[in-house]
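>
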Amino acid sequence: METSTPARATEPPGTPAPPRLGHSPALSSGAGRAVARIAAFAVCQAAMIAGLGLLITGPARNLWPLSAEDALNDAFERVRNDALTTASAIASGAGDTHTVVGVTVLCCLALLLVPPLPRWRAALFLALAVWLQSLVFLLITEAVDRTRPDVERLDASPPTSSYTSGHTGAATALYAGLAVLVLSRVRGRWGRPVAVLLLLIPLLVGLARLYRGMHHPSDVVAGLLNGGLSLFVVGRAVLADDAWAARPPADAVDIAVAAAERRPGPSREPAVVIVNPTVTDTATRDRLRLVLAQRGHTDVTFLETTERDTGGGQAADAVRGGAGLIVACGGDGTIRAVADALAGTGVTLAVVPCGTGNLLARNLGLPLDPADALAAALTGEPRALDLGTISGDGIARTHFTAMSGAGLDAAVMGSTSDRAKSALGWPAYVLAGLGELRGPRMRLAVALDGAPALHRTARMVLIANIGTVQGGTALVPGARPDDGLLDLALFDPRGAGGWLRAAGVLLRGSRPTGTATGTHGGPVEFFTFRRAELTFTRPQPREVDGDPVAPGRRITAEVRPGALTVLLSAGEK
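Sequence positions in the sequence shown follow this note's numbering and run 1 to 573.
(1) Where in the segment 143-181 do unbroken runs of the alpha helix (DSSP H), each at least 4 residues long, occur, reported from the N-terminal end onward?
(2) Mind checking whether Leu174 and Val103 have CB atoms under 8 Å apart?
(3) State the DSSP-derived secondary structure class of His399, mapped to helix, strand or coil.
(4) Across the segment 330-338 and the segment 548-559, are there enough close Cβ pairs to call them in contact, namely three or more that are closer than 8 Å?
(5) Output yes or no for whether 8 Å exceeds the beta carbon distance between Val272 and Ala323.
(6) May I have a chain-ordered list of the alpha helix (DSSP H) segments no shorter than 4 residues that lie completely inside the segment 263-335?
(7) Inspect the beta-carbon positions of Ala170 and Ala195 and report whether they are closer than 8 Å.
(8) Which residue wins for smallest C-alpha separation from Ala406, given the options Ser162, Leu488, Pro493, Arg289?
(9) Could you check where the beta strand (DSSP E) with Thr528 kicks off and where it finishes?
(10) To the nearest angstrom, how far is it from the Cα of Leu197 to the Cα of Thr473?
(11) Quick one: Cα of Pro193 to Cα of Phe125, how far?
(12) Among Ala47, Trp120, Ala71, which has the Cα closest to the Cα of Ile140?
(13) Near Ala127, what residues of its chain come up, given a Cβ to Cβ distance below 7 Å and the 5 sequence neighbours on each side ignored?
(14) Starting from the C-beta of Val300, find all residues in its chain whose C-beta is less than 8 Å away, skip the five residues before and the five after it, and write them out in chain order.
(15) Can the beta-carbon of Ala402 be found less than 8 Å from the beta-carbon of Leu364?
(16) Less than 6 Å between C-beta atoms, sequence neighbours within five positions excluded: which residues of the same chain meet that for Ala447?
(17) So is Arg78 buried or exposed if we call it buried at 16+ other beta carbons inside 10 Å?
(18) Going by Cα to Cα distance, which pick from Pro440, Leu368, Ala87, Gly53 is closest to Thr147?
(19) Is Ala339 close to chain C? Criterion is C-beta to C-beta, closer than 8 Å.
(20) What did DSSP end up calling Gly562 once you bin it into helix, strand or coil?
(21) Give the straight-line distance between the Cα atoms of Leu564 and Ser134, rounded to the nearest whole angstrom.
(22) Should His98 go down as buried or exposed, given a rule of 16 or more other Cβ atoms within 10 Å for buried?
(23) Mind reading off the beta-carbon distance from Val559 to Ile395? Whole number of angstroms is fine, and I expect it under 8 Å.
(24) If we count the other Cβ atoms within 10 Å of its Cβ and call it buried at 16 or more, is Val226 buried or exposed?
(25) Kindly identify the DSSP beta-bridge partner or partners of Phe125.
(26) Out of Val319, Gly321, Ala91, point me to the one whose CA is closest to Arg212's CA.
(27) How would you write the range of the alpha helix (DSSP H) that Pro353 sits in, first residue to last?
(28) Does the segment 60-68 come close enough to the segment 155-169 that 3 or more CB-CB pairs lie under 8 Å?
(29) Report the residue from Ser161, Arg480, Arg287, Ala83 whose alpha carbon sits nearest the alpha carbon of Pro370.
(30) Nearest CA to the CA of Arg531: which residue from Ala123, Gly546, Val566, Gly484?
(31) Indicate the three-state DSSP secondary structure (helix, strand or coil) for Gly223 in the structure shown.
(32) Between the Cα of Gly478 and the Cα atoms of Phe76, Phe527, Asp340, which residue gives the shortest distance?
(33) Give the secondary structure of Met214 by DSSP, where H, G and I count as helix, E and B as strand, and everything else as coil.
(34) Is the distance from the Cβ of Leu567 to the Cβ of Thr310 below 8 Å?
(35) CB-CB under 6 Å to Asp340, same chain, minus the five flanking residues each way: which ones, in chain order?
(36) Are the beta-carbon atoms of Val234 and Leu366 separated by less than 8 Å?
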């Protein structure tokens, strides 16, 4: 079956090249300039502290208060006792490299993963401050050679110079950095007391390093200075209201879209973007609008799906309204509903994955970032893809793009909560599947392309237009959405050994040639067909493109070759 596809407009000679789709100077955060400024200030910071160290170890070493440092070191040695030694070990450990690195990683993960999230700037501020302090410390120890105090040292002496105190500098960057975040973001009576406690930690670390005979007082002061300056430089770059890495203006997307629309070039056909609002936020929609504008689509309408109409009604209305391009932005259910309405119309579809599974997008080789996927589609060409149709008792005849089935996979789809999918993504299906593995087998009859029925038992039945699922697993090896066929896979492993043999079959990744073929009695059987009728002895859970449907005893599936026109770039399948 052939479908008509709209001709692709070409850019006129001499037209200036557009920016990379989805990007614009108006959306720039100035990150490059911020990095350059951080580097320049870091050089100045290292030079200043190193110069101070050379002064301390050179012309000023016999001047007060440096001349009193040896006496102070001796005084710390004289007051040592078991309790203070234990306390100093604990305080010194708070600035140890392993402690600082571990706490920094945990805090950054919390800033990115614990709601409200993600706090990218706060995590970047903390990580960069600790890293910058460490880098400057290493540079200084190479430039300034200072011996440690002439007292009994309670820790093993590292090979670095006594100047500066690395423990104190790292503790300042980490704990004072946390104090800054607490003061700027925590509201209520606990903010200030927590910040004060955090600010005390670097002071206690420095005091512990003096008590344990590891540094001169001026080394500790220089460590505090190094950590404090690192916080100032990085904070000025990423946290300040007028930070070097400035936030784009609130109307940045409008500015970028207006600039793209003013760019000379041919105007393209009207476009309708159908978005699932539960998985597509405002920022994603803005980037999609910019990508479309940069490709000449100035007449763009955004329509939201609803619980009662998951995309099919919106797509049908768009076709009747004369849209030449439909962009479906959502999960497999949204893509399926839109494809069902577009089947056989010849209207071009751009697939934008925004859901949990995104099976069709993965099998077409599309980027999983929504804006990148749309950009790839708009720079590609229309391709005719197959659709499957499915019907049965309790299932009105409808199309599917990826996979439908009965048994284990349908039970997993039905038992996976929206909250788990939102929190974990596709691994939520894996966790739900572990609880369904011990489900009962089903008995069924399979009639393919008019041949006599085959009688089988199975734990899972898959009718596939595509072959690969999440994680790159070829669950139905060889299935392709453009070969004019559908694939049937019957999974009937018995025990742990059966599951291992099934995994081995999938790893081999081969599909039988011809139609209605398979090896009876194995853990997995594969068939190819154009029309299939499946009859179960008792009602089974069923699903269509990942969406559970009513349990039932019959499924009829048929292929519609080339029924859907999809934009794909040359490098995609």
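Built from N, CA and C at the ideal position, the CB exists for glycine as well.
The answer reads as follows:
(1) Runs found: 166-171.
(2) Yes, the Cβ-Cβ distance between Leu174 and Val103 is below 8 Å.
(3) Strand.
(4) With a cut-off of 8 Å, the segment 548-559 and the segment 330-338 do not count as touching, because too few Cβ pairs lie within range.
(5) Yes, these two residues count as a Cβ contact at 8 Å.
(6) Taking only runs of at least 4 residues, the alpha helix (DSSP H) segments lying wholly in the segment 263-335 are 282-294, 312-320.
(7) No; because the gap between Cβ atoms is not below 8 Å, this pair is not in contact.
(8) The residue with the shortest Cα to Cα distance from Ala406 is Leu488.
(9) Bounds of the beta strand (DSSP E) holding Thr528 are 524-529.
(10) Going by C-alpha positions, Leu197 is about 50 Å away from Thr473.
(11) If I take the Cα positions, the gap works out to 22 Å.
(12) Of the candidates Ala47, Trp120, Ala71, Ala47 places its Cα closest to the Cα of Ile140.
(13) The beta carbon of Ala127 sits closer than 7 Å to the beta carbons of Thr104, Cys108 from its chain, once the five residues preceding and following it are set aside; these are given in chain order.
(14) Within the same chain, Pro270, Ala271, Val272, Val273, Arg289, Leu292, Ala293 come within 8 Å of Val300 by CB-CB distance, once the 5 residues on both sides are set aside.
(15) Going by C-beta atoms, Ala402 is not nearer than 8 Å to Leu364.
(16) Once the five neighbours on either side are set aside, the close Cβ partners of Ala447 are Ala453, Glu533.
(17) Classification of Arg78: exposed, given that the 10 Å Cβ count is below 16.
(18) Checked all of Pro440, Leu368, Ala87, Gly53; the closest Cα to Thr147 is Gly53.
(19) Absent here is chain C; the protein component of the structure consists of one chain.
(20) The DSSP-derived three-state label of Gly562 is strand.
(21) Using only the alpha carbons, I get a separation of about 57 Å.
(22) Only exposed fits His98, as fewer than 16 other CB atoms lie within 10 angstroms of its CB.
(23) Not quite, the Cβ-Cβ distance comes to about 17 Å (not below 8 Å), so this is no contact.
(24) A small correction: the amino acid at residue 226 is Asn; Val does not occupy that position in the sequence shown. So Asn226 ends up on the buried side.
(25) Residue pairing from DSSP leaves Phe125 without any beta-bridge partner.
(26) Nearest in C-alpha terms to Arg212, of all of Val319, Gly321, Ala91, is Ala91.
(27) Looking at the DSSP string, Pro353 is not in any alpha helix (DSSP H); the run it does join, the beta strand (DSSP E), is 348-353.
(28) Between the segment 155-169 and the segment 60-68 there are fewer than three inter-stretch CB-CB distances shorter than 8 Å, so the stretches are not counted as touching.
(29) If we check each option's Cα against that of Pro370, Arg287 comes out closest.
(30) Ranking the options by Cα distance to Arg531, first place goes to Gly484.
(31) In the structure shown, the three-state DSSP call for Gly223 is helix.
(32) From the listed residues Phe76, Phe527, Asp340, the smallest Cα separation to Gly478 is found for Phe527.
(33) Judged by DSSP in its simplified three-state form, Met214 adopts coil rather than helix or strand.
(34) No. Outside cutoff.
(35) So the list reads Gly312, Thr398, His399, once near-sequence residues are dropped.
(36) Result no, Cβ atoms of Val234 and Leu366 do not sit closer than 8 Å.
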